[in-house]
Amino acid sequence: MLLNLNILVDPDVSQSLIMELDHHLLDVFPINNIDLLESVELPSSCWDKSRHQFNANCLLAFAMSYKRSRIVVLIISKDAYVSGLNFVFGVASRGLGAVVSIYRLENDPDFIKKEIIHELGHVFGLKHCALPCVMTFSNSVWEARLKSSAFCEKCWKQLKQEF
Ligand SMILES: [Zn+2]
Ligand SMILES: [Zn+2]
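Just add 22 to wherever you are in the sequence shown, counting from 1, and you've got the numbering used here.
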């Protein structure tokens with residue numbers, strides 16, 4: 023399967039945090055090509071003034087309309103939420119794309135990579151799993167730190183079947 027990934031980045035995300043990202047993702051996923059690091063202005067219509075957060079699903083819809091490849095990942099610097107949760111590290115839509123907020127990821131490239139791999143796991147149909155699998159659900163930075171950046175054997179098997 024020919025798989026192209028388009029990475030969009032909000033201009034406030036420091037390039038140094040996502041420098042090696044394309045190599046990491048090409049290592050983990052059977053992706054043929056990455057259209058990398060296109061800088062996009064985030065739509066103000068997705069910003070919630072009272073919460074001081076972006077509506078993650080609104081940004082996901084924006085990313086879908088903007089994408090140049092089959093799958094899009096939008097990386098943002100600001101905090102994000104979905105209805106019912108105080109915040110989210112990211113959201114994903116199966117087969118289409120994901121949004122990842124690095125706001126709570128402590129300017130740590132490994133942490134950022136881990137959350138992007140997690141959301142892409144959802145894009146490729148994976149559900150939440152258990153530690154130390156990267157598909158473990160995290161409700162806090164502390165929990166997110168605990169998981170590894172790798173898929174467990176079960177998730178890896180399922181992932182391979184998707185391709
Ligand atoms: Zn998840
Ligand atoms: Zn797993």
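No residue lacks a Cβ here, since even glycine has one placed at the ideal position from N, Cα and C.
This one's a predicted model, so the numbers in the text were calculated from it and none came from an experiment.
For the beta strand (DSSP E) containing L27, name the first residue and the last one. L27 -> beta strand (DSSP E) spans 26-31.
Beta carbon shell of ligand 2 at less than 5 Å from a heavy atom: Sorted by position in the chain, C151, C155, M157, C174, C177 make up the residues whose C-beta lies under 5 Å from a heavy atom of ligand 2.
Inside the segment 44-93 only - beta strand (DSSP E) runs reaching at least 3 residues: Residue ranges of uninterrupted beta strand (DSSP E) with 3 or more members, entirely inside the segment 44-93 and ordered along the chain, are 55-61, 75-77.
With distances taken from CA atoms, which of S162, L168, C155, F159 is nearest K186? The structure shown does not extend to residue 186, since the chain spans only 23 to 185, so no value can be given for it.
Start and end residues, beta strand (DSSP E) containing G119: 119-123 is the span of the beta strand (DSSP E), which, as asked, contains G119.
In the DSSP assignment, what residue or residues form a beta bridge with L96? Its beta-bridge partners are L30, V121.
Less than 7 Å separating the Cβ of F76 from some heavy atom of ligand 1? For F76, the distance from the CB to the nearest heavy atom of ligand 1 is not below 7 Å.
Could you check if H45 belongs to the surroundings of ligand 1, using beta carbon to heavy atom distance under 7 Å? Judged by the Cβ position, H45 fails to qualify as a neighbour of ligand 1 at the 7 Å threshold, every heavy atom of the ligand being at least this far.
In terms of alpha-carbon separation, which member of C80, M86, K71, D49 lies closest to I29? Between I29 and the set C80, M86, K71, D49, the nearest pair of CA atoms involves M86.
Quick check on G143: does DSSP put it in helix, strand or coil? Secondary structure at G143: helix, using DSSP grouped into helix, strand and coil.
DSSP three-state call for S160: helix, strand or coil? Coil, per DSSP.
To which residues of the same chain is A166 closer than 6 Å at the C-beta, ignoring the five residues directly before and after it? Excluding residues within five positions, the ones whose Cβ falls inside 6 Å are S160.
For C151, report the span of its alpha helix (DSSP H) as first-last. Where C151 is concerned, there is no enclosing alpha helix (DSSP H), given that its DSSP letter is neither H nor E.
Using three-state DSSP, classify R166 as helix, strand or coil. In the sequence under discussion, the amino acid at residue 166 is Ala, which differs from the Arg named in the question. Per DSSP, reduced to three states, the secondary structure at A166 is helical.
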